[in-house]
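Q: In the working numbering, the protein residues as written are 426 to 546.
Structure incoming, see below.
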């Protein structure tokens, strides 16, 4: 029996049939679940380590990566970032390449969005 069925069965009146509850035919695919069942299900999943509000495995960045990411978020190009951090443009490109891998980002904007989501900048 599924966890949803077990929680739904706990809310069922005495004498209710045992087994999985029938699935209502919703046309849009949206199911209805009683609020108390939903709260208990989410609480059980969080307590069991199923999922949490914020990911605990946020990537760790070096000070240089954080500085480059902050300047990227401000809209600076590679040349301006290199000038600000007193390093070569090639170094900036390498740092950005490593950042993209750590954040699993597709482009600069996605890297900044991921960093904001994980509270890295």
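Using N, Cα and C, we set each Cβ at its ideal position, and we do this for glycine too.
Given that a residue counts as buried once 16 or more other Cβ atoms are within 10 Å of its Cβ, and exposed if not, what is residue 476?
A: Counted from its first residue, the chain shown places residue 476 at position 51. With a pLDDT of 44 at residue 476, under the threshold of 50, the modelled position of this residue cannot be trusted; read the value that follows with caution. Classification for residue 476: exposed.
Q: Give the DSSP-derived three-state secondary structure of residue 528 in the structure shown.
A: Here the question's residue 528 lines up with position 103 in the chain shown. The answer is helix: DSSP assigns residue 528 an H, G or I state.
Q: In its own chain, which residues sit with a C-beta less than 6 Å from the C-beta of residue 516, not counting the 5 before and 5 after it?
A: Within the chain shown, residue 516 is the residue found at index 91, counting from 1. Closer than 6 Å at Cβ, skipping near neighbours: no residue.
Q: Would residue 529 be called buried (16 or more neighbouring beta carbons within 10 Å of its own) or exposed?
A: Residue numbering aside, residue 529 sits at position 104 when the chain shown is read from its first letter. Exposed, by the Cβ-count rule.
Q: With distances taken between CB atoms, is the gap from residue 486 to residue 527 smaller than 8 Å?
A: By one-based count along the chain shown, residue 486 stands at place 61. By one-based count along the chain shown, residue 527 stands at place 102. For residue 486 and residue 527, yes; Cβs fall inside 8 Å.
Q: How is residue 514 classed by DSSP in three states: helix, strand or coil?
A: To locate residue 514, count along the chain shown from 1; it is residue 89. If DSSP states are grouped into helix, strand and coil, residue 514 belongs with the helices.
Q: Could you tell me how far apart the beta carbons of residue 535 and residue 483 are, in whole angstroms, since I believe they sit closer than 8 Å?
A: As a working note, residue 535 is residue 110 in the chain shown. As a working note, residue 483 is residue 58 in the chain shown. Not quite, the Cβ-Cβ distance comes to about 16 Å (not below 8 Å), so this is no contact.
Q: Cβ of residue 489 within 8 Å of Cβ of residue 520?
A: Start at 1 with the first residue of the chain shown, and residue 489 comes out as number 64. Start at 1 with the first residue of the chain shown, and residue 520 comes out as number 95. A contact, by the Cβ cut-off of 8 Å.
Q: Looking only at its own chain, which residues have a Cβ that is under 6 Å from the Cβ of residue 540, when we skip the five neighbours before and after it?
A: Within the chain shown, numbered from 1, the residue matching residue 540 stands at position 115. Closer than 6 Å at the Cβ level, and outside the excluded window around residue 540, lie 494 and 546.
Q: Any idea if residue 532 is buried or exposed, counting beta-carbon neighbours within 10 angstroms, 16 or more meaning buried?
A: Here residue 532 refers to the residue found at position 107 when the chain shown is read from its first residue. Classification for residue 532: exposed.
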